[in-house]
Every structure is written in structure tokens, then in C-alpha cells.
Amino acid sequence: MFIKPLPAFCCVLLAAAMVTACGAGSGESRIRSYSGGAAPVEAAAGSAASIHSGARSYAADAKTLKESIARIPGVTGSSVLFNGLTAFITLHLDKTIDIEESMNIRKHAQETLEQLLPQYEVRVSVEKNHIF
């Protein structure tokens with residue numbers, strides 16, 4: 044008759060974990076944001092929120108980043124994650140590319156994306172499976 048709080052809570056956590064795991068490893072690009080979507084339209088001048096145009100959204104910025112990344116030779120996909128005004132990009136490279144070339148691609152992507160959307164601090168990495 045009475046549901047104990049701990050087992051019910053565990054069931055809720057398990058269900059949430061199962062839902063969020065769907066699509067992981069599907070090979071498709073993913074976009075995540077940890078600041079609640081688009082930045083506020085009204086923000087104090089000079090604040091971090093005012094740097095990000097209210098007319099744009101993380102989805103639009105991610106699309107711009109991904110279109111640029113797709114033009115880089117050797118890149119087979121990417122993951123984009125936003126945390127405020129920091130964009131974390133993970134590049135998925137063709138498995139035939141050696142480590143030295145993968146670092147050159149990472150550097151090229153870093154420079155390109157910083158120029159493309161200068162309002163973000165861009166951090167580019169290469170997927171670990173490719174390096175090791």
C-alpha cells in the first residue's frame with residue numbers, strides 16, 4: 044500500500060538513465076547545452092550573456108559549427124557541447140588517420156571555429172578511441 048521512498052527514487056533514476064542512454068553511440072552528432080537554452084535577450088552590457096546574441100540559439104550555433112567541421116578533410120563526425128559561452132567539440136576522425144595528422148586536424152578545427160564564432164571559448168578534442 045505504501046511505496047517506500049528509496050526504491051521508488053531508484054526506479055525513477057533507473058528510468059531516467061535508460062532514457063538518456065538512448066541514442067548514445069548511434070554515430071550521429073549530438074548537441075547538448077547546460078545553461079538552459081538560448082541566452083537571455085536582455086543582459087547587462089559586457090556580461091557573458093550579452094555577448095551571445097539573443098536572436099541566436101545554441102542549436103543554430105551548433106549547426107554553424109557542425110557545417111564548418113564537416114568541410115574539414117578526415118572528420119567523419121563530431122559532438123558539440125555548450126556550457127555557457129564555452130563550446131566543447133569532439134572530433135570523430137577516419138580510423139586511417141595517424142596521430143600526428145589527427146593533431147593537425149584538431150589544431151586546424153580549433154583555429155577555424157574560434158574565428159567562426161568568436162563569442163565562444165572553443166575547446167576542440169579528438170575522440171579517445173582514435174588516439175589510443
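Those letters in the sequence shown? Residues 44 to 175, per this note's numbering, in order. Glycine included, each C-beta is placed from N, C-alpha and C at the ideal position.
Taken through DSSP and simplified to helix, strand or coil, THR119 comes out as strand. In the three-state DSSP reduction, ILE112 falls in the helix class (H, G or I).
The residue from VAL165, ILE140, PHE125 with its alpha-carbon nearest to that of VAL118 is ILE140. In this structure ALA130 is buried. Its beta-carbon is surrounded by 16 or more other beta-carbon atoms within 10 angstroms. Contact annotation: LEU156 and VAL167 have beta-carbon atoms nearer than 8 Å.
Counting only residues of its own chain and dropping the five nearest sequence neighbours on each side, GLN153 has a CB closer than 7 Å to the CB of VAL165, VAL167. Distance check between LYS150 and each of ASP104, GLY120, SER100, ILE112 places ILE112 closest, using alpha-carbon atoms only. Bounds of any alpha helix (DSSP H) do not take in ILE140, whose DSSP letter is neither H nor E.
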